[in-house]
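Q: One line per chain: the protein sequences are V and R, in this order.
The number in the numbering used here is simply the position in the first sequence, starting from 1, with 238 added.
The number in the numbering used here is simply the position in the second sequence, starting from 1, with 238 added.
Don't be surprised by glycine CBs; every beta carbon is placed ideally from N, CA and C.
There are 2 protein chains.
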Amino acid sequence: MPPDPAARIRRFHRAVTREAGALDASFLGRGRPLGVARVLWQIPRQSGDLTAIRAGLGLDSGQFSRILRSLEREGLITLARHEGDGRRRLARLTGAGADEVALYNRLSDDSAKGLVAAAPNSAVFLAAMDLIATVLNRGQTEVRLADPDDPAAQACLQAYFDLLVAQIDGMRHDHLPLPDPHADRYRPPNGAFLIAWSDDLAIGCVSLRTLVPGLGEVKRLWVAPDARGQGLARRLMLAVEEQARKLGMTQLKLDTNAGLTDAIALYQKTGWSPTQAYSGFPSTHWFAKSL
Amino acid sequence: MPPDPAARIRRFHRAVTREAGALDASFLGRGRPLGVARVLWQIPRQSGDLTAIRAGLGLDSGQFSRILRSLEREGLITLARHEGDGRRRLARLTGAGADEVALYNRLSDDSAKGLVAAAPNSAVFLAAMDLIATVLNRGQTEVRLADPDDPAAQACLQAYFDLLVAQIDGMRHDHLPLPDPHADRYRPPNGAFLIAWSDDLAIGCVSLRTLVPGLGEVKRLWVAPDARGQGLARRLMLAVEEQARKLGMTQLKLDTNAGLTDAIALYQKTGWSPTQAYSGFPSTHWFAKSL
DNA sequence: CATGATCACTGACCGTAGTCAGGTATCAAC
DNA sequence: GTTGATACCTGACTACGGTCAGTGATCATG
C-alpha cells in the first residue's frame, strides 16, 4: 500500500533520528556533554575495559583520555593499573559514579517504557525493533564461546526447541528438557557451546559434544528467523568445526530431520557426507565430516 | 524469548544511531557540513519555503541564514523575494543545486536498497519500519484536507476497503470500485476528504459528502492498524465535523457495520445517536448528529 | 500612521567533537 | 639488550553546531 521503499526508509530514518536526538538530549540533561555521558554509561557494560569502551564508541585516543580525566575530576570513576599488563588501565565506578549510571539507566528505561506504552501492540512493536536492529547489525555479528548454562544459551535452546516443534511432524516439546541436565557435556574439554551475538542479543547458536574420544557430534544449530540469509549458519558451523579441532577431534557427526531443509542443504554444500543412522527420532538424516 | 523491553529498545537505539551516523557520514562525503547538506536536501521537499525548512530542521535563525549564504556562495541556490510578503525570501535550486540534491537522493536510495536487500523478508522489514516510525511520530500527526484523487487518498481507500473485506461477513472487494468514479462528491463545496499524516505517510482518512443541502454524510473512516490507540479516529471525526460546519451543514448521518465494533463505540461516545436506516448492505447500524 | 509582530540578516561568542603530531611507559619477541 | 608494537597521555589546532543581542525591512492592526 505505501509508497516506494526508499521513501519509507527515509521516513523511518527521520523518525528515528529525531527520537535519538530526544534521548541524547535527556542524557545531556544531567549537565554533562553527551560524549562524557556515553563513556560513563559504557563503563559497567564493558566492566571497565578501556580499550573495549574506546573501540565500541569509536573514539579518538586523545579525546577518550580527556573524557576519562573529566570523569575522574567529577569523582565518578577511579583509574587503576591493569594487573598483568602495566600499559593498560582499568576504570572503576565510584559510589557517586554508580549512582549516576543508575540515573542514566532510569532515564533510558523511562523513555523505553513510554515508547512501549505508545505502541498499539507492544510485543509486535518490540519484535519489529529486534528485526530492524538485527538487520542493521548485520556484519557486526560475533560468534563467541559461551557456557551452556548461560541465560542467553538457554534462550537460544528454547527458541531452537520451539522451532523443532513447529517444523517437525510428531515432535512434542517435552522431548527436550530445559535447562539441559547434561550441560557439562557441552563444556570444554568435553564439548563446546557457541553463540552468535548481534550486539547483546543472541541470534544463533550451535553446540558440540564428544561421542567417543576423537569423534564429536554437532547439535542444536539454530539461527533466529530475523537473521536468516546472512550466512550465519555457515559461520556457526565453521566456528564449531574449529572448536572441534582445538579439542583434538578428527571426525564429526550430526543428525537432523527432513523438516529442516535449509540445514540439510547447508551440510551437503559444506563437505558433510551422508552416513549411517546412529540415533533415533526425530532424526531422519545423518551426516559425517572428517577434519 | 529475548530479555527485558528496555534492553531491547536500547539495542535498537544503538543499532539505529550507528546506521544514522553512517548515513550522515555519507552525506558528509560530498565535502559539505551535515547541516548545510540537510538544508539543501530539504529545499525541494518544502518547495523553497524558508520558514518551513527552518522549522522542520529546528535550526536557529542565525545559523540558518549562514547556511543559506554558504549554499548561495557554492552556486547551488538562488534567493528570490517572496511574492506577497516582502519580508520573506524563497530558495530556488540552480541547475548545479538540483544535481547535488539528485546525488544526495541517490546516496540515500542506495543505502535504502542495501538495507532492504539485507533483510530476510523485505515486506516484513518495511512494515516493521513503518510501524516504528508511526509510533515514534505519534503526537506529530497532522490532519489536512486532501483531494480525493490524490494517490495518498486512493491508498487510504484501498486499505479501508481491504479492512472491510476482512472484517465484514459476506463483503466482497468488487462492491467498491477504485478509483472512485464519484470523487467530485468529496470535493468542496460538495464534501471533503481528510487525511491524517504521519510525516509523509497517510495513516488515516475520513470523507464527507452532501446528501441534501444542509445534511451531510460521513463515510470511510479509516485508521492504519499501526496507529490505533492514539485517538486518531476521534481527531478525524472532530475534523470532519468542523469541515461540515464550514460547508454550512447542520446535520450529519453515517452508516456502519456491526463488524466495525471500535467505530460504533466511538460514535456512541461522541454524540452520535442511532437513527433509522437510510442505506443497505453492508450497513447494519445508522447514526445521526446535529451540529 | 503609529504600534507591535514577524522575517531575515549580522557579528560576536562558546562548547563540543574530532584530528594530529608528538611523548612516555610497558610488553612481547628475538 | 634491542626492536617494534601497544596503551595511554598531552598540547595545539580546527570545524561545526548552537546561542545571543541587535539591526533593518516588512507586514497586519487599529
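1) Below 8 Å on the Cβ atoms is my guess for R/Val381 versus R/Leu459; work out the distance and round it to an integer in Å.
2) When the Cα atoms are used, what is the spatial distance from R/Met239 to V/Ala393?
3) Starting from the beta carbon of R/Ile291, find every residue of chain V whose beta carbon is closer than 7 Å, and list them in chain order.
4) Would you say the stretch 316-335 of chain R touches the stretch 247-267 of chain R, given that touching needs at least three Cβ pairs under 8 Å?
5) Which bits of chain R does V/Ala538 rub up against, with CB to CB less than 7 Å?
6) Which one or two residues does DSSP pair with R/Cys443 in a beta bridge?
7) For a test of the three-state rule: what should DSSP assign to V/Arg330, helix, strand or coil?
8) Would you kindly report the start and end of the unbroken alpha helix (DSSP H) that includes R/Asp493?
9) To which residues does DSSP link R/Leu383 through a beta bridge?
10) Is any heavy atom in the ligand GDP found nearer than 7 Å to the beta carbon of V/Arg447?
11) Beta-carbon within less than 6 Å of V/Phe582's beta-carbon, same chain only, minus the 5 sequence neighbours each way: which residues are those?
12) Mapping DSSP to helix, strand and coil, what is V/Ile247?
13) Determine which residues share a DSSP beta bridge with V/Trp510 and list them.
14) Which one of R/Lys484, R/Gly469, R/Ala496 has the shortest CA to CA distance from R/Asn428?
15) When you compare the CB of V/Pro417 with every CB in chain R, is at least one pair closer than 8 Å?
16) Give me the Cα-Cα distance between V/Thr522 and V/Leu504, rounded to the nearest whole angstrom.
17) Relative to the C-alpha of V/Gly377, which candidate in V/Ala290, V/Asp347, V/Arg473 has its C-alpha closest?
18) If you run the structure through DSSP and keep just helix, strand and coil, what is V/Glu455?
19) What does a CB cutoff of less than 8 Å around R/Leu529 pick up in its chain, not counting 5 residues either side in sequence?
20) Excluding the 5 residues flanking R/Thr255 on each side, which residues of the same chain have their C-beta closer than 6 Å to its C-beta?
21) With burial defined as no fewer than 16 other Cβ atoms inside 10 Å of the residue's Cβ, what is the status of R/Phe265: buried or exposed?
22) Compute the Euclidean distance between the alpha carbons of V/Ser436 and V/Leu295, then round it to the nearest angstrom.
23) What in chain R is Cβ-close to V/Ala245, meaning under 8 Å?
24) Output the distance between the C-alpha atoms of R/Leu449 and R/Ala390, rounded to the nearest integer angstrom.
25) In chain V, which residues lie less than 8 Å from R/Phe250 when you measure between Cβ atoms?
26) In chain order, what are the residue ranges of uninterrupted alpha helix (DSSP H) at least 4 long that sit wholly in the stretch 242-313 of chain V?
27) Taking the straight line between their C-alpha atoms, what separation do you get for V/Pro520 and V/Ala462?
28) Excluding the 5 residues preceding and the 5 following R/Gly509 in the sequence, name in chain order all residues of the same chain whose CB lies nearer than 6 Å to its CB.
29) With a 10 Å radius around its C-beta and 16 neighbouring C-beta atoms as the bar for buried, classify V/Gln468 as buried or exposed.
30) Please check if any C-beta of chain R sits within less than 8 Å of the C-beta of V/Val254.
31) Please state if the CB of R/Leu364 and the CB of V/Pro243 are separated by a distance shorter than 8 Å.
32) With which residues is R/Ile315 paired in a DSSP beta bridge?
33) Along the chain, where does the beta strand (DSSP E) containing V/Ser528 start, and where does it finish?
34) Below 8 Å between beta carbons is the criterion; list the residues of the stretch 461-491 of chain R that meet it against any residue of chain V, in chain order.
35) Going by DSSP, what residues sit across from R/Thr448 in a beta bridge?
36) Between which two residues does the alpha helix (DSSP H) containing R/Arg466 stretch?
A: By the coordinates alone:
1) Between R/Val381 and R/Leu459, the beta carbon gap of about 12 Å keeps them out of contact (Cβ cut-off 8 Å).
2) Because R/Met239 sits at a pLDDT of 45, beneath the cut-off of 50, its placement in the model cannot be relied upon, and the following sentence gives the value as read from the coordinates. Spanning the two alpha carbons is a distance of roughly 6 Å.
3) Within chain V, no C-beta atom comes less than 7 Å from the C-beta of R/Ile291; the nearest is roughly 14 Å away.
4) Because the criterion of three Cβ pairs below 8 Å is not met, the stretch 316-335 of chain R and the stretch 247-267 of chain R do not touch.
5) No answer is possible for residue 538 of chain V: the residues shown for chain V start at 239 and end at 529.
6) When DSSP reads this structure, R/Cys443 sits in a beta bridge with R/Ile433, R/Trp460.
7) In the structure shown, V/Arg330 adopts extended strand secondary structure according to DSSP, grouped into three states.
8) Counting along the chain, R/Asp493 falls outside any alpha helix (DSSP H), though it belongs to the beta strand (DSSP E) covering 489-494.
9) Looking at the DSSP assignment, R/Leu383 forms a beta bridge with R/Leu432.
10) The model depicted lacks the ligand GDP and carries no ligand whatsoever.
11) The shown model of chain V, from 239 to 529, leaves out residue 582 of chain V, and the question about it has no answer.
12) Helix, per DSSP.
13) Looking at the DSSP assignment, V/Trp510 forms no beta bridge with any residue, so it has no partner.
14) When each option's Cα is compared against that of R/Asn428, the closest is R/Lys484.
15) Answer no: the Cβ-Cβ gap between V/Pro417 and chain R never drops below 8 Å.
16) Those two C-alpha atoms are separated by around 16 Å.
17) Minimum Cα distance to V/Gly377 is reached at V/Arg473.
18) Strand.
19) So the qualifying residues of the chain are Glu479, Ala482, Arg483, Met487, Thr488, Gln489, Leu490.
20) Hits under 6 Å: none found.
21) Under a 10 Å Cβ-count criterion, R/Phe265 is classified as buried, with 16 or more other Cβ atoms of the shown protein chains found around its own Cβ.
22) Roughly 16 Å between the two C-alpha positions.
23) Using a Cβ-Cβ cut-off of 8 Å, V/Ala245 is close to Asp438 of chain R, given in chain order.
24) Each residue's Cα considered, the two are about 25 Å apart.
25) Met367, Asp368, Ile370, Ala371, listed in chain order.
26) Counting only runs of at least 4 residues, the stretch 242-313 of chain V fully encloses the following alpha helix (DSSP H) elements, listed from N- to C-terminal order: 243-266, 272-283, 288-295, 299-311.
27) So the two alpha carbons sit approximately 21 Å from each other.
28) Excluding positions up to five away in sequence, the list reads Lys527.
29) A buried status is given to V/Gln468, since no fewer than 16 other beta-carbon atoms sit within 10 Å of its beta-carbon.
30) Yes, contact with chain R.
31) Yes. Within cutoff.
32) DSSP links R/Ile315 through a beta bridge to R/Leu331.
33) Run containing V/Ser528: 523-528, per the beta strand (DSSP E) assignment.
34) Per Cβ criterion, the list reads Pro463, Asp464, Ala465, Arg466, Gly467, Gln468.
35) In the DSSP output, where bridge partners are listed per residue, R/Thr448 has R/Gly454.
36) That residue, R/Arg466, is in no alpha helix (DSSP H); it is neither H nor E in DSSP.
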